[in-house]
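K.L.:
Please read through the structure below; I'll follow up with questions.
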Ligand code: ADP
Ligand code: ASP
Ligand code: MG
C-alpha cells in the first residue's frame, strides 16, 4: 500500500483536485490511502472565525461561514459533482454554523470547539475529493477520527500509537479488500471520549506518517507545491536546487529548524518502520522529487540545505548566587508555566541556561522579568540560520565548517554560534538585517 498525502495547495481548487485525480489514476493497480489537508487557507480562516465569533455580530459570523461553504460548493460545481457531495458540504457547513453560534452564545471559544471547527476543513476537502475520484476509480471515504486516537498532555495533543494502530488495522485496513483507494483526513483525530482533536498546525504530514507506519505502507508520498526538498526555500532563493536523496536525520533537522516543507514529527513514525518518504510536486508530477531514507545519500557531504527561522528570541539566565543544575531546571519549568511557551532549544551549562524560543521578543519578555530575582537574565531577538548536512562531525566536513564560520563572522559582528551537538546541523543566531546576505552566501556553498 502507498500512503499519499496532499497538502493544502494540492487541493486548493478544482484544477488542483483534478491533478490529484490524475495522480491517483497513474498509480492504478496500487492500493492507495489518500490523506488530505483542508483546501489552502481554510484551516486558518476557520480558526479565525472561531475566535472572532466571541465578538462578531450574528450577521458577520454567518456571512464569513457562508463564504467558506461557498468556496467548497463552487469547487463542486466546477468539478460537476452530484448533489450528494454538495449536500455533504452543506451539512458540514451547518456544523460550523452551530459550533460558532455556541461560541457566540458562550462568549468564549474553548479548545474543544476550536478543534471541532478546524476539523471541518479536512472534512470538506475529503468529501469533495471522494466525490471527484468516485466517478473514475474504486474509492471509499473514511473518517480519520475513528482510528487516529489522541490524548491530551499538558503540553498539547499526542497520538496514542497503540490504539491508533489497533483501530486502523481493524477499521481502515479491511476497506482495501473492497476498494482500491481510501480517502481520509490529515490533521484530525479524536480522544478517548471520541471528541474531535487535531494534531496541530501542519499536522497532515504527521497523520500520513502515522497511517503509513501503522498500516506498514511500502512508501509515503507527500505531494506538495514544490518539487521536493531544496537547498533553500525555493520561494526565497529561486535558484535553489532540489535534493534527490536525503537521510531521515537530515530531513528531521531541516523541518525542526524551520523548513515548512515537512512537519517536524513527520519523519519519526516512518523512520521507526524504515518506510521511505518521497516529497513530490502535485503540479509537476513527473518531477523526480526528494526521497528520504534512513541512510540518505552516502556520497553526499558538507552543507546541503540552508534554513532561516525568524524571529526567534534568545534568553540567557545566569545564576548570580551559588546555584546548581536543579535550580536551573526549576527556573526553566517556571518560565514554561508562566509563559505557556516551550523553548525550541535549551542548553544548560553549570549555573547558566540558554533558551531559544521561536517567537518574537514581545511574546516572552514580560515573563523574563519574573525570573530575574537573584539571577541575571538577558533577552534578544534574532534570526536563527542553520545549515543541514549528512554529518558535520566527519573529517571531510572540515572545509564546510570553516566556510560556515567564515561567512557568519564576515557578516555579523557578534553571532551566537552553536554547532556540533547535532551532527547534521550548524546554527547561528544573527541579527535579522544580516540574514539575507548570510543566506545567499551559505547557499552558494550548498552542494
Ligand atoms: P503543503 O500545503 O503541501 O503542506 P507547505 O506549505 O506546508 O505545503 O510546505 C511546502 C512549502 O515549504 C513550499 O511551498 C516552500 O515554500 C516551503 N519550503 C521551505 N523550505 C523548503 C525547502 N528547503 N525545500 C522545499 N520547500 C521548502
Ligand atoms: N489543514 C491543517 C493546517 O492548515 C493541517 C495541514 O494542512 O497539514 O494546519
Ligand atoms: Mg505542510
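Residue numbers (the numbering used here): 6 to 452. For every residue, glycine included, the Cβ atom is placed at its ideal position computed from N, Cα and C. All values derive from a computational prediction rather than experimental measurement.
#1: Just to confirm the assignment: which complete beta strand (DSSP E) runs, minimum length 3, are found wholly within the segment 281–337?
#2: Count the CB pairs spanning the segment 182–196 and the segment 130–144 that are closer than 8 Å, and state whether there are at least three.
#3: Comparing alpha-carbon positions, which option in 80, 366, 311, 400 lies nearest residue 449?
#4: Could you compute how far the alpha carbon of residue 90 sits from the alpha carbon of residue 81?
#5: Could you pull the start and end residues of the alpha helix (DSSP H) that residue 362 belongs to?
#6: Could you compute how far the alpha carbon of residue 240 sits from the alpha carbon of residue 296?
#7: What first and last residue would you give for the beta strand (DSSP E) that runs through residue 251?
#8: Is the distance from the Cβ of residue 210 to the Cβ of residue 251 below 8 Å?
#9: Starting from residue 367, trace the beta strand (DSSP E) in both directions and tell me its first and last residue.
#10: For the alpha helix (DSSP H) holding residue 407, just list the boundary residues, first then last.
#11: So, at 8 Å on beta carbons, what are the nonlocal neighbours of residue 265 in its own chain, with the 5 sequence-adjacent residues on each side left out?
#12: Near residue 283, what residues of its chain come up, given a Cβ to Cβ distance below 6 Å and the 5 sequence neighbours on each side ignored?
#13: For residue 75, tell me which candidate among 63, 57, 52, 99 has the shortest Cα-Cα distance.
#14: Under a three-way DSSP split, which group does residue 230 fall into?
#15: Nearest to residue 22 by alpha carbon, out of 268, 424, 84?
#16: When you compare only the Cα positions, how much space is there between residue 313 and residue 320?
#17: In whole angstroms, what is the alpha-carbon distance linking residue 30 and residue 92?
#18: Does residue 300 pass the burial test, meaning 16 or more other C-beta atoms within 10 Å, or should it be called exposed?
#19: Can residue 127 be considered in contact with the ligand ASP, in the sense that its beta carbon sits closer than 7 Å to one or more heavy atoms?
#20: Mind checking which residues open and close the alpha helix (DSSP H) that includes residue 115?
#21: Could you give the first and the last residue of the continuous beta strand (DSSP E) run that contains residue 97?
#22: What I want to know is whether the C-beta of residue 12 ends up closer than 7 Å to one or more non-hydrogen atoms of the ligand MG.
#23: Taking DSSP as the reference, what is the three-state secondary structure of residue 154?
#24: Below 8 Å on the Cβ atoms is my contact criterion, and I expect residue 51 with residue 126 to pass it. Report the Cβ-Cβ distance as a whole number of Å.
#25: Do residue 192 and the ligand ASP come close, with the Cβ less than 7 Å from some heavy atom?
#26: Would you mind stating whether residue 413 and residue 393 have Cβ atoms separated by less than 8 Å?
#27: Where does residue 411 land, buried or exposed, given buried means 16+ other C-beta within 10 angstroms?
P.N.:
Short version:
#1: 282–286, 295–298, 310–324
#2: Touching, yes.
#3: 311
#4: C-alpha separation (whole angstroms): 7 Å.
#5: That residue, residue 362, is in no alpha helix (DSSP H); its beta strand (DSSP E) goes 357–362.
#6: 20 Å
#7: 250–252
#8: No Cβ-Cβ contact shorter than 8 Å links residue 210 with residue 251.
#9: First-last for residue 367: undefined, no H or E at that position.
#10: 403–416
#11: 207, 238
#12: Within the same chain, residue 283 has close Cβ partners 226, 294, 296.
#13: 99
#14: Residue state, collapsed to three classes: coil.
#15: Among 268, 424, 84, the Cα nearest to that of residue 22 is on 84.
#16: Between the alpha carbons of residue 313 and residue 320 lies a gap of roughly 19 Å.
#17: 26 Å
#18: Exposed, by the Cβ-count rule.
#19: The ligand ASP approaches residue 127 closely enough that one of its heavy atoms is under 7 Å from the residue's Cβ.
#20: Per DSSP, residue 115 is not a residue of any alpha helix (DSSP H), being assigned neither H nor E.
#21: No beta strand (DSSP E) holds residue 97; the alpha helix (DSSP H) holding it covers 88–111.
#22: yes
#23: Here residue 154 carries a strand assignment [DSSP, helix/strand/coil].
#24: 6 Å
#25: yes
#26: no
#27: exposed
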